[in-house]
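For the protein sequence lines, the chains are A and B, in the order given. Residue numbers for the first sequence follow the working numbering, so the first one is 1 and each next one is one higher. Residue numbers for the second sequence follow the working numbering, so the first one is 1001 and each next one is one higher. Even glycine gets a Cβ: it sits at the ideal position worked out from N, Cα and C. Contents: one structure, followed by commentary.
Number of protein chains: 2
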Amino acid sequence: MAPTASVAPVRDTRQRRAIRLAFEEAERPLSTEQLHAVASRESRGLGLATVYRSIKSLVDEGWLEVIDIPGHGAFYERAGKEHHHHFACENCSEVTDLDGCSSEVRVRLPRGYRARGHDVTIFGTCSRCAEKRRPPTRRGR
Amino acid sequence: MAPTASVAPVRDTRQRRAIRLAFEEAERPLSTEQLHAVASRESRGLGLATVYRSIKSLVDEGWLEVIDIPGHGAFYERAGKEHHHHFACENCSEVTDLDGCSSEVRVRLPRGYRARGHDVTIFGTCSRCAEKRRPPTRRGR
DNA sequence: TTCATAGTGAGAAAGAATTCTCATTATCAT
DNA sequence: ATGATAATGAGAATTCTTTCTCACTATGAA
């Protein structure tokens, strides 16, 4: 049996610093696209492949967490935050962290089912979009 | 301006009957793959293109509703059900409807944000999978 | 029954998201 | 400073899902 996990050597590159910085400064989850845009400002010419590679290793080493936003794909955020939920703007697709988990998700499960966790996403319009446009009509998909 | 919406003529074919039947008999949301498998039993040789075409028209005419299960893609179920949430088995990917919406999703939103709805997905192990395997280790993705 | 045409199946094609390849560059232990 | 090699960027390639094309079939109004 192989020794528990060969921690791949990781060099502290400009690109990876930019990527970690992006998450540290962002006060919200980022999609790969958003991350690429933000981190590119810090590290010009940042390649998309590097973004994916870095995300993967950061997730593996437990520094990042993946969250799936229904209808908007994968987003990433610093791991270890307190349990919370997300708000997704149907208009601009920005995802925001919401405080706490007030929702006492006390759902009755069928016999034999066992829950391990839950995902809650509130969707609607963020303040920025609400200002511009009046109530959106249909759900963005 | 064109007359409000030319309701495309819809013929009552064996394939579409099989697809509607699949949803009527299924007591849970189905993915395209699952639908294809189930409806194929009723209508042998059912093509995947027809599955997609039918789903699209059923969604358009409001007979079906799309639900996104984080990490498991799109599922479909009869529209008009009472507000409820879903359980997704991390092991077999089966999605189940849960009764009511006990979760008083009373989350404090940031200033200016307005909610239009919420998605709640409980994930864990369904009874069938719980019987076989003991507590799963990692979250299925 | 007839027949215009909506619907179908099979596979090609299109999209998108992510991964891979590989020549070049940058990191960092020595 | 040197050098072995991890990391990068660009674009090709993959994978997965959904849509399109087209020859053929089946529906249903007449």
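Which residues DSSP lists as bridging residue i, in chain order
i, result
"residue 1123(B)", "117(A) and 1088(B)"
"residue 73(A)", "69(A)"
"residue 108(A)", "In DSSP, residue 108(A) forms no bridge with anything."
"residue 28(A)", "Its beta-bridge partners do not exist; DSSP assigns none."
"residue 1078(B)", "1064(B)"
Identity of the residue in the options nearest residue i by Cα
i, options, result
"residue 13(A)", "53(A), 37(A), 26(A) and 130(A)", "53(A)"
"residue 1018(B)", "1028(B), 1055(B) and 1090(B)", "1055(B)"
"residue 65(A)", "81(A), 40(A) and 42(A)", "81(A)"
"residue 49(A)", "62(A), 16(A), 11(A) and 28(A)", "16(A)"
"residue 1010(B)", "1057(B), 1091(B) and 1106(B)", "1057(B)"
"residue 971(B)", "132(A), 125(A) and 107(A)", "Examination of residue 971(B) is not possible in this model, given that chain B is present from 1001 through 1141 alone."
"residue 83(A)", "89(A), 129(A), 92(A) and 98(A)", "98(A)"
"residue 132(A)", "1128(B), 1129(B), 1112(B) and 1130(B)", "1112(B)"
Contact check, residue i vs residue j, beta carbons under 9 angstroms
i, j, result
"residue 70(A)", "residue 1096(B)", "no"
"residue 46(A)", "residue 76(A)", "no"
"residue 1119(B)", "residue 1085(B)", "yes"
"residue 115(A)", "residue 1067(B)", "no"
"residue 74(A)", "residue 32(A)", "yes"
Boundaries of the alpha helix (DSSP H) in which residue i is found, first to last residue
i, result
"residue 1060(B)", "1048-1060"
"residue 38(A)", "32-42"
"residue 98(A)", "Note, residue 98(A): premise wrong, no alpha helix (DSSP H); beta strand (DSSP E) at 95-98."
"residue 20(A)", "14-25"
Residue i CB to nearest heavy atom of the ligand PLP below 8 angstroms
i, result
"residue 128(A)", "In the structure shown, the ligand PLP is absent, as is every other ligand, since no ligand is present at all."
Host beta strand (DSSP E) of residue i (start-end)
i, result
"residue 1065(B)", "1064-1069"
Next on the checklist: Taking beta-carbon pairs under 7 angstroms, can you tell me which members of the region 20-38 of chain A lie near chain B?
Outcome noted: So the list is empty, because no residue satisfies the distance condition.
Checklist entry - At a Cβ cut of 9 angstroms, what residues of the region 1045-1063 of chain B count as close to chain A, listed as they run along the chain? => result Listed in sequence order: no entries.
Checklist entry - What residues in the region 1115-1131 of chain B bring their beta carbon closer than 9 angstroms to a beta carbon of chain A? => result 1115, 1116, 1117, 1118, 1119, 1120, 1121, 1122, 1123, 1124, 1125, 1126, 1127, 1128, 1130 and 1131
Next on the checklist: To be precise: take each residue of the region 71-84 of chain A, compare its Cβ to all Cβ atoms of chain B, and keep it if any distance is under 8 angstroms. Which residues remain?
Outcome noted: 71
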